[in-house]
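Shown next, in C-alpha cells, is the structure this report addresses.
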Amino acid sequence: MAEPRPPVRRRDLEAVEIDLLAEGIYEAYGFDFRRYSRPSFRRRIWRRVEAEGLSSISELLARVLHDPPCMQRFLSDLSVNVSAMFRDPAFFRVFRAKVVPLLRTYPFVRIWNAGCSTGEETLSVAIVLKEAGLYDRTRIYATDMSEATVEQARTLTYPINKMREYTANYIEAGGTRSFSEYYAADGERVMFHPSLAENVVFAQHNLVTDRSFNEFHVILCRNVMIYFDRVLQEHVHKLLYDSLTHFGVLGLGGRETIELVSHRDAYVPLDETARLYRKVA
Amino acid sequence: MTTGCGIVAMGASWGGVHALGVVLAAVPADLPAPVVIAQHRGEDGPAGLAPVLGRRSALRVVEATDKQAMRAGHAYLAPPGYHLLVERGALALSTDEKERFSRPSIDVLFDSVASAYAEEAIGVILTGASDDGAAGLARIRHSGGLTVVQEPATAERRRMPDAALAAVNAHRILALDEIAPFLVKVCAEGGP
Ligand SMILES: C[S@@+](CC[C@H](N)C(=O)[O-])C[C@H]1O[C@@H](n2cnc3c(N)ncnc32)[C@H](O)[C@@H]1O
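Going down the list, the sequences are from chains A and B.
Going by this note's numbering, the first sequence opens with residue 18, and the numbers climb by one from there.
Going by this note's numbering, the second sequence opens with residue -2, and the numbers climb by one from there.
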C-alpha cells in the first residue's frame, strides 16, 4: 500500500482495466481469472503492478502479454499459499468424531483435497486417518492449480519454526500422540514421514478449467472458493457435487456458507459449525 | 466531495473491544448504512466477540461470512485469521498473508471500502498500538470518503490514531463518545 491508488473518478476505469487484464491472460495463456473475487484479485494485481515498478493495471497487462516470466510471477502471486496444519482445529475434531465413523463403513475410501496448497491440510487428514486405522484403505487426491505449489507439497517439508503452532493445533484437534513422531528435523526444515504420503496422489488440477476426474467419498475444498465470485462458486460447486458419491461429505472453510449456492438443497449439514455437509440428493 | 453514508468502516486494535462497544452501543438500529469492522485479535481468539458487542448494540453484530450480502442495521466483524474486504453490497474474505503483522488487517478492509464506495465511505480509526489503518484511511480520504479518527488523548493506546493523523488530514478528530452521534448526524444530513 505504499503508492497512492487512482482517484475516485477513475474507479470505473480500474474495473475496466481489471476486466481487460483477466481477459488478456485468458486469451494468451488460458488461465481463467475472469470470475475471481474482485476485492482480493484487485489487491493481488496492485501488488504485482508495484513489484514490477509499473504504475497502472494496463501496463501490467502489456507486460504479462509480452513477458511470460512476468506472467509466471503473477501466477505465483495468485496461488495464495497461506495454509497451516490442522488449521481450524475444531474442524478436524469434528472430522474425527463425525466423518471417520462414516468412512469405516466403506471398504475403500477416496478423498479429494481440492486446493491443497502446499499439503498442510492433506497431511493433517492423513494423520487423522492413520490414527483412526483407516489410512491403509484410503487414497487422497490432493490437487492445486499451481504446479509449483504441488511440487512443493510433494517434498513434505516445512519450516521448523511452524512446528510449535502446528503441534498446538494438532493437540487442539484431538491428537493424542506426540506430534514430533510424524516428522524428522533437518536444520531449518522438517520433513514429514513419507509413509504419510504413501496413499496420497499430488497432482495439478484447476477447479475452474478442468473437469471432474473421479468420484469421492469426501471432498475438502476449504478457503479456496472465497477467492471466486458467486458465479464461479456456483460453477465449482457443481463440479464438486458431480464428484461426490451419494452420501459423500463436503467440507468447506470456516467462514464459507453453502446457503448462497443453488446446490444447497442437495446437502444436509453433518456439522454446521464445522461446515461439513452430506450429499443427500 | 463526500456524499455520506454508503458504508461505515471501523478499525481498532489494542483497547478496541471496549472502544467498539462504546460506539456500537450508541448507534441506533436505523443507521442507514452497514458497518464493517476490523478488530485485531489472535488467530484463534475468542469467537465470542460478536455476541459481546451485539449485546449492548441496537445493531445486529455478526461475524462475516464469505460473499454475504451487507444490510443496514448490521455490523459485520472480520473473523479471526481472515482479511475482510467488501465489494458493493457484499462481503468477501481472504486468507492472504498478514499485512503489518495483522490478519484481519484494517488497511486491507479500508482499501477495499475506498475502492468500492469512494465518496460514500466513512472510515473510523479507533485505539490501537499499531500503524495499521493509517494507509487505509488515507485511501478512503483520497477516494473522496469521510475520515474520522478517535482523539488520541482519549484512546486506550494512542499509536494507531496518531499514525492515522500523521497520514491523513482527517475530517474529524473526535472523543470516543462523540463518534456515534457524529455518524448518525452525517448519515441523516448526507455530509459532514
Ligand atoms: C488459501 S489456500 C487454502 C489452502 C488449504 N485448503 C487450507 O484451507 O489451508 C487457497 C489455495 O487455492 C488454490 N487455488 C486458487 N484457485 C484455484 C483453482 N482455480 N483451482 C485449484 N486451486 C486453486 C491456490 O493455489 C491456493 O493454494
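Every residue gets a Cβ at the ideal spot worked out from N, C-alpha and C, and that includes glycine.
**Request:** Put M7/B into one of helix, strand or coil per three-state DSSP.
**Result:** In the structure shown, M7/B sits in a strand (DSSP, three-state: E or B).
**Prompt:** For the alpha helix (DSSP H) that N186/A lies in, which residues bound it at each end?
**Reply:** M180 to E189 is the extent of the alpha helix (DSSP H) around N186/A.
**Asked** Does the beta carbon of V105/B sit closer than 8 Å to a beta carbon anywhere in chain A?
**Response** It does; some Cβ of chain A falls within 8 Å.
**Message:** Buried or exposed for M(-2)/B, going by 16 or more other Cβ atoms inside 10 Å?
**Reply:** Note that M(-2)/B has pLDDT 48, beneath the 50 cutoff, so the model's placement of it is unreliable and no number is given.
**Item:** Neighbourhood of V217/A by C-beta distance below 7 Å, restricted to the same chain and skipping five residues each side
**Value:** So the qualifying residues of the chain are T139, A143, I157 and A159.
**Prompt:** Hey, would you say A16/B sits closer than 8 Å to L123/B, going by beta carbons?
**Reply:** Less than 8 Å separates the beta-carbon of A16/B from that of L123/B.
**Asked** In chain order, what residues of the same chain lie with their CB nearer than 7 Å to the CB of A132/B, ignoring the 5 residues before and after it?
**Response** Around A132/B: D104 and A164.
**Asked** Given that a residue counts as buried once 16 or more other Cβ atoms are within 10 Å of its Cβ, and exposed if not, what is D107/B?
**Response** One detail in the question is off: residue 107/B reads as Phe in this sequence, not Asp. Classification for F107/B: buried.
**Request:** State yes or no: is the C-beta of E137/A nearer than 7 Å to some heavy atom of ligand 1?
**Result:** Answer for E137/A: yes, Cβ within range of ligand 1.
**Message:** If you reduce the DSSP assignment to three classes, tell me which class K296/A lands in.
**Reply:** Of the three classes helix, strand and coil, the one that applies to K296/A here is strand, per DSSP.
**Item:** Minimum length 3: unbroken beta strand (DSSP E) runs contained in the segment 74 to 138 of chain A
**Value:** Counting whole runs of 3 or more residues, the segment 74 to 138 of chain A contains the beta strand (DSSP E) stretches 126 to 131.
**Prompt:** Is G18/B helix, strand or coil by DSSP?
**Reply:** Reduced to three states, the DSSP call for G18/B is helix.
**Request:** May I ask you to report which of helix, strand or coil DSSP gives V24/B?
**Result:** Three-state result, V24/B: coil.
**Message:** Could you check if G224/A belongs to the surroundings of ligand 1, using beta carbon to heavy atom distance under 7 Å?
**Reply:** The sequence given here places Leu at residue 224/A; Gly does not occur at that position. For ligand 1, at least one heavy atom lies less than 7 Å from the Cβ of L224/A.
**Asked** Exposed or buried, which one is T92/B when buried takes at least 16 other CB atoms within 10 Å?
**Response** The residue in question, T92/B, is buried, as its Cβ has 16 or more Cβ neighbours within 10 Å.
**Prompt:** Can you give the Cα-Cα distance for R97/B and V285/A, rounded to whole angstroms?
**Reply:** For the pair R97/B and V285/A, the Cα-to-Cα distance works out to about 40 Å.
**Request:** With hydrogens ignored, establish whether the beta-carbon of G132/A is closer than 7 Å to any heavy atom of ligand 1.
**Result:** Yes, ligand 1 has a heavy atom inside 7 Å of this Cβ.
**Request:** Report the residues of the segment 54 to 80 of chain B with a CB closer than 7 Å to any CB of chain A, ordered along the chain.
**Result:** So the list reads A61, T62, D63, K64, P76 and Y79, given in the order they occur along the chain.
**Message:** At the 8 Å Cβ level, is Y244/A part of the contact set with chain B, yes or no?
**Reply:** Using beta-carbon distances, Y244/A counts as an interface residue toward chain B, with a partner under 8 Å.
**Prompt:** What is the rounded straight-line gap between the Cα of S195/A and the Cα of L213/A?
**Reply:** Roughly 15 Å separates the two Cα atoms.
**Asked** What residue from V24/B, P31/B, S10/B and V5/B has the CA that sits closest to P158/B's CA?
**Response** The option with the nearest alpha carbon to P158/B is S10/B.
**Request:** Taking Y258/A as part of the alpha helix (DSSP H), name the residues at either end of that continuous run.
**Result:** Where Y258/A is concerned, the enclosing alpha helix (DSSP H) starts and stops at R247 to D259.
**Asked** Where do the ends of the alpha helix (DSSP H) carrying P328/A lie?
**Response** With chain A covering 18 to 298 only, the question about residue 328/A has no answer from this structure.
**Asked** Is the shortest distance between the beta-carbon of S10/B and the beta-carbons of chain A less than 8 Å?
**Response** For S10/B, no Cβ of chain A is located within less than 8 Å of the residue's own Cβ.
**Asked** Between the beta-carbon of S57/A and the beta-carbon of Y244/A, is there less than 8 Å?
**Response** Yes; because the gap between Cβ atoms is below 8 Å, this pair is in contact.
**Prompt:** Taking 8 Å as the CB-CB cut-off, is D128/B touching chain A?
**Reply:** So no, D128/B is outside the interface.
**Request:** Please name the residue, chosen from G142/B, G120/B and V83/B, that lies closest to D246/A on a Cα-to-Cα basis.
**Result:** Out of G142/B, G120/B and V83/B, V83/B has the C-alpha closest to the C-alpha of D246/A.
**Asked** With a CB to CB cut of under 8 Å and the five nearest residues on each side skipped, what residues in its chain are close to G41/A?
**Response** Excluding five sequence positions before and after G41/A, the CB atoms of its chain that fall closer than 8 Å to its own CB belong to L78, V81 and L82, given in chain order.
**Prompt:** If you draw a straight line from the alpha carbon of C133/A to that of N98/A, how long is it in whole angstroms?
**Reply:** In a straight line, the C-alpha of C133/A is about 9 Å away from that of N98/A.
**Item:** Within-8 Å CB hit, S91/B to chain A
**Value:** S91/B has a beta carbon lying within less than 8 Å of a beta carbon in chain A.
**Message:** Contact criterion: CB-CB distance below 8 Å. Does L82/B meet it with respect to chain A?
**Reply:** At least one chain A Cβ lies under 8 Å of L82/B.
**Prompt:** Can you list, in chain order, the stretches of the alpha helix (DSSP H) that have 4 or more residues and sit fully within the segment 208 to 247 of chain A?
**Reply:** Contiguous alpha helix (DSSP H) elements confined to the segment 208 to 247 of chain A do not occur, taking only those with 4 or more residues.
**Prompt:** Does the segment 159 to 176 of chain A come within contact of the segment 277 to 294 of chain A, defined as at least 3 CB pairs closer than 8 Å?
**Reply:** In this structure the segment 159 to 176 of chain A does not touch the segment 277 to 294 of chain A; the number of beta carbon pairs closer than 8 Å is below three.
**Request:** Taking 8 Å as the threshold, find out whether the segment 164 to 184 of chain B comes into contact with the segment 24 to 33 of chain B through three or more Cβ pairs.
**Result:** With the rule of 3 Cβ pairs closer than 8 Å, the segment 164 to 184 of chain B counts as touching the segment 24 to 33 of chain B.
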